Amino acid sequence: MKITLHLRTALIAFVWLLVALSPLFSQVTHKIKAHITGLSSRSVIIQYSREGMFFYDTVKVHQSQFMHPIGETDGSIATLVLTTATQFSFWLESPLTSITGTLGSTPNLRCTGTPENDLLEVYRQQIERPYSLKKQGKSSAEADPIVLQEYKATRQFIEQHPATLTAAYLLYWQAVYDTTIYDQLEGLYAKLSPSVKASY
Numbered sequence: 249m250k251i252t253l254h255l256r257t258a259l260i261a262f263v264w265l266l267v268a269l270s271p272l273f274s275q276v277t278h279k280i281k282a283h284i285t286g287l288s289s290r291s292v293i294i295q296y297s298r299e300g301m302f303f304y305d306t307v308k309v310h311q312s313q314f315m316h317p318i319g320e321t322d323g324s325i326a327t328l329v330l331t332t333a334t335q336f337s338f339w340l341e342s343p344l345t346s347i348t349g350t351l352g353s354t355p356n357l358r359c360t361g362t363p364e365n366d367l368l369e370v371y372r373q374q375i376e377r378p379y380s381l382k383k384q385g386k387s388s389a390e391a392d393p394i395v396l397q398e399y400k401a402t403r404q405f406i407e408q409h410p411a412t413l414t415a416a417y418l419l420y421w422q423a424v425y426d427t428t429i430y431d432q433l434e435g436l437y438a439k440l441s442p443s444v445k446a447s448y
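Numbering of the sequence shown is given in this note's numbering, commencing with residue 249 and proceeding in unit increments.
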């Protein structure tokens with residue numbers, strides 16, 4: 249009788265433990281898989297926010313590869329931090345997100361296969377990488393006009409893709425970088441689709 253009572257108590261405790269832990273299990277909805285040549289074996293950080301709080305997951309890399317589970321994030325976006333100067337944002341649109349590329353003097357990372365990640369890659373190819381190359385080796389004074397050209401090209405890109413989360417993401421960073429063009433940014437925000445405004 250005592251054994252049955254103890255067993256029943258243990259089972260009840262186990263069920264309550266599962267109930268308590270179930271939110272933790274349900275949070276793991278995405279996996280990030282990366283193969284980045286030159287990364288070797290070290291640690292990287294995956295940065296994201298959830299319900300307004302920032303999280304920094306330290307991930308161990310083995311032979312330039314890693315796999316890491318992650319739950320839902322604010323805006324369905326996360327950032328891979330390789331170095332202070334090399335940060336790579338990507339959308340969590342599918343259960344598995346793959347990042348590939350090389351890490352060198354000029355890192356070249358890619359994340360494609362979903363609509364928003366494909367569009368963000370187009371932005372990187374057309375604007376971010378070309379302007380980064382133009383700024384290399386330049387003094388701050390020499391780079392300033394190039395930066396302004398890059399911002400202008402970015403705003404044109406945003407205007408061309410008003411129904412995408414990528415446009416909202418880029419617009420957010422435009423507002424962070426340059427508050428002197430508030431009217432232009434407000435105009436771009438007004439052109440974003442209602443669904444994008446509601447979700448980002």
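Here a beta-carbon is modelled for each residue, glycine too, at the ideal position from N, C-alpha and C.
Computed from a predicted structure; not experimentally measured.
How long is the line joining the alpha carbons of Q295 and E341, rounded to whole angstroms?
Roughly 16 angstroms separates the two Cα atoms.
Determine the extent of the alpha helix (DSSP H) in which I394 is found, giving its start and end residues.
Element bounds for I394: S388 to Q408.
Where L344 and L351 are concerned, what is the direct C-alpha to C-alpha distance, given to the nearest angstrom?
Roughly 22 angstroms separates the two Cα atoms.
T277 in three-state terms, based on DSSP:
Coil at T277, not helix or strand.
If you draw a straight line from the C-alpha of I318 to the C-alpha of T412, how long is it?
Taking C-alpha positions only, I318 is separated from T412 by approximately 23 angstroms.
Give me the Cα-Cα distance between E434 and S289, rounded to the nearest whole angstrom.
E434 and S289: Cα-Cα distance of roughly 44 angstroms.
Endpoints, alpha helix (DSSP H) assigned at L367
It spans P363 to Y371 - the alpha helix (DSSP H) in which L367 sits, taken as one unbroken run.
Straight-line CA distance for Y425 to A415?
Cα to Cα, Y425 sits roughly 15 angstroms from A415.
If you draw a straight line from the C-alpha of G247 to the C-alpha of S443, how long is it?
The structure shown has nothing for residue 247, since the chain only spans 249 to 448.
Would you give the residue range spanned by the beta strand (DSSP E) that G349 belongs to?
It spans L344 to T350 - the beta strand (DSSP E) in which G349 sits, taken as one unbroken run.
Quick one: residues in its chain with C-beta nearer than 7 angstroms to the C-beta of S274, no 5 flanking neighbours on either side, listed in chain order?
Reliability of the predicted coordinates at S274 is poor, the pLDDT of 41 falling under 50, and the value obtained from them is presented with this limitation in mind. There are no such residues.
Report the residue from Q384, K382, K386 and T327 whose alpha carbon sits nearest the alpha carbon of L357.
Residue T327 is the option with its Cα nearest to L357.
Can E320 and T354 be called in contact, C-beta distance under 8 angstroms?
No, the pair does not count as a contact, with Cβ atoms beyond the cut-off.
Output the distance between the C-alpha atoms of S447 and E390, rounded to the nearest integer angstrom.
Those two C-alpha atoms are separated by around 38 angstroms.
Would you tell me roughly how many angstroms separate the C-alpha atoms of I375 and T402, rounded to the nearest one?
When only Cα atoms are considered, I375 and T402 end up about 7 angstroms apart.
Exposed or buried, which one is L381 when buried takes at least 16 other CB atoms within 10 Å?
Burial call: exposed.
Going by CA-CA distance only, name the one from G300, I406, V309 and Q311 that's closest to S441.
Among G300, I406, V309 and Q311, the Cα nearest to that of S441 is on I406.
Proximal residues to L272 (C-beta, below 8 angstroms), its chain only, five neighbours per side dropped:
Because L272 carries a pLDDT of 43, less than 50, the predicted location of this residue cannot be relied on, and no value is offered for it.
Can you tell me whether DSSP reads L340 as helix, strand or coil?
Correct three-state label for L340: coil.
CA-CA distance, K281 and Y371?
One C-alpha to the other measures close to 22 angstroms.
Determine the DSSP secondary structure at A326, reduced to helix, strand or coil.
A326: strand per DSSP, three-state reduction.
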